[in-house]
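Structure first, commentary second.
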Amino acid sequence: MTAVYEVFRRERAGSAMQHAGSIVAPDERFAEIYAREQYGRRGESDALWLVPRDAVSEIDEFVDEFDLKYRRVDGYSIKERLKEARAAAENATRSADASPAGGRRP
Amino acid sequence: MSDRVDLLLSLADDELLLGWRNSEWTGIAPFLEEDVAFSSIAQNEIGHARALYELAARELGTDADALAFDRTLDEYRSAPLVELRRLEWARTIARHWLYETADAIRLEALKGSDDVELAGIAAKIDREEVYHRIHAEMWIDRLLATDEGRGRLDEALEELWPYALGVLDDELRPELVRRAEERLGRSLPAVEPVPRGRHEAELAELHDEMTMVRRSAPAGARW
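From first to last, the protein sequence lines stand for chains A and B.
Here the first sequence stands for residues 1 to 106, numbered as in our numbering.
Here the second sequence stands for residues 1001 to 1223, numbered as in our numbering.
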């Protein structure tokens, strides 16, 4: 008897549509009125899209068995490597200080 | 009181009281989305009432709040249709649709008025009423779609039709009959209208509730 409609709203012309929420309505006519009242009555939207939830295709599985980090948008994580590099540099300085030859000091 | 003020007050009182009555569904409407929509429509009606009271107030040298809340019961010019308390959904929808249909006829006439200010405010109100009418019409379609719905609507009409006729004056009334019969696909009884000027018993209770804050803080409530 009723269907769920996903509502997208646009704040102003030129902006992207963003998901606003969903409403339950007996049919599309009711859905339009309800969406107008729930997401438009305060002047917060300049356009609304209504999409029956049944019409939405969902993808919710993202396989990454081989951990291909370099394909990710955040790139390599350098935090760990930076830590290792700093530790290595520190060790190198210490061993130079301890050497009898004195090393290159000003 | 001039005819103009009298007209403004009839319109404003209708909108205020119907807005109040419709808002009685807030929190208990059949489902959440309808609750929000119907409450929003109720707020719109009260907004229209304010604009109309302001016009009348200017002529009377008072303000909108005083007209809405400081008058005695006898001074209200509302049609008895909007005074009825009917917390039954089919009756509420029937009243909503009858009122919107009558109001549309009244606003069309006012939009053609020589009084520029009156024509202007009628046009402004009508632009919002469009959505109230869409809402009322889709509910009527829904009621007409099943035997049960039609039965409930007919039951409600039997009670409310004489009240609906009372919203309009003699001149505009035939148009309401024509539109209602055409839309509902049935004839409606030629009954005596329940006229403006007399009041339903439940208006006293509503008036009491509506003016409570005003009476407790006559100088104006601070929120």
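All C-beta atoms in this analysis are idealised placements derived from N, C-alpha and C, irrespective of residue type, glycine included.
The structure displayed is predicted, hence computed values, not measured ones.
Chain-ordered chain A contacts of residue i [CB-CB under 7 Å]
i        : result
A1037(B) : I33, Y34, E37
Under 8 Å by beta carbon: chain B residues contacting residue i
i      : result
I23(A) : E1033
R41(A) : S1040
For residue i, the nearest candidate out of the options (CA to CA)
i        : options                                : result
G1027(B) : L1160(B), F1038(B), G1061(B)           : F1038(B)
A25(A)   : M17(A), V51(A), G14(A)                 : V51(A)
L1172(B) : M1001(B), D1141(B), E1181(B), I1105(B) : I1105(B)
W1020(B) : E1205(B), S1216(B), W1223(B)           : E1205(B)
R1004(B) : R1058(B), E1034(B), F1031(B)           : R1058(B)
E1129(B) : A1219(B), A1156(B), E1108(B)           : E1108(B)
L1017(B) : H1048(B), L1060(B), A1219(B), I1140(B) : H1048(B)
R1050(B) : D1170(B), V1167(B), E1182(B), I1121(B) : I1121(B)
A3(A)    : A13(A), E28(A), M17(A)                 : E28(A)
P1189(B) : E1159(B), L1203(B), E1033(B)           : E1159(B)
G1220(B) : L1203(B), A1029(B), S1187(B), D1063(B) : D1063(B)
A20(A)   : D64(A), A96(A), K69(A), W49(A)         : W49(A)
Within chain B, partners of residue i - CB distance below 7 Å
i      : result
R29(A) : M1138
Chain-ordered chain A contacts of residue i [CB-CB under 9 Å]
i        : result
H1096(B) : Here the premise fails: no neighbours, minimum Cβ distance about 13 Å.
Y1099(B) : Under the 9 Å cutoff, chain A gives no residues; its nearest Cβ is about 17 Å from Y1099(B).
Y1131(B) : I33, R36, E37
Within chain A, the residues that residue i reaches when beta carbons sit closer than 8 Å
i        : result
H1199(B) : Under the 8 Å cutoff, chain A gives no residues; its nearest Cβ is about 31 Å from H1199(B).
H1135(B) : I33
Helix, strand or coil at residue i according to DSSP, with G and I counted as helix
i        : result
F8(A)    : strand
S1010(B) : helix
I1028(B) : coil
G40(A)   : coil
P1195(B) : coil
V56(A)   : coil
V1213(B) : helix
G21(A)   : strand
V1130(B) : helix
A983(B)  : Because chain B spans 1001 through 1223 in this model, residue 983(B) falls outside it and cannot be assessed.
L1144(B) : helix
V51(A)   : strand
A1156(B) : helix
A16(A)   : coil
A31(A)   : helix
A1219(B) : coil
Those runs of the alpha helix (DSSP H) which lie wholly inside the stretch 1035-1083 of chain B and span at least 4 residues: 1064-1069, 1080-1083
Stretch pair the stretch 1060-1074 of chain B + the stretch 1002-1022 of chain B: three plus CB contacts closer than 8 Å: yes
Contact between the stretch 1069-1078 of chain B and the stretch 1131-1142 of chain B (3+ Cβ pairs under 8 Å): no
Meets three-Cβ-pair contact criterion under 8 Å: the stretch 1190-1201 of chain B and the stretch 1077-1091 of chain B: yes
Validate contact between the stretch 1090-1102 of chain B and the stretch 1151-1169 of chain B using beta carbons, cut 8 Å, 3 pairs: yes
Stretch pair the stretch 1097-1104 of chain B + the stretch 1173-1185 of chain B: three plus CB contacts closer than 8 Å: yes
Touching by the beta-carbon criterion (3+ pairs, under 8 Å), the stretch 4-12 of chain A and the stretch 40-57 of chain A: yes
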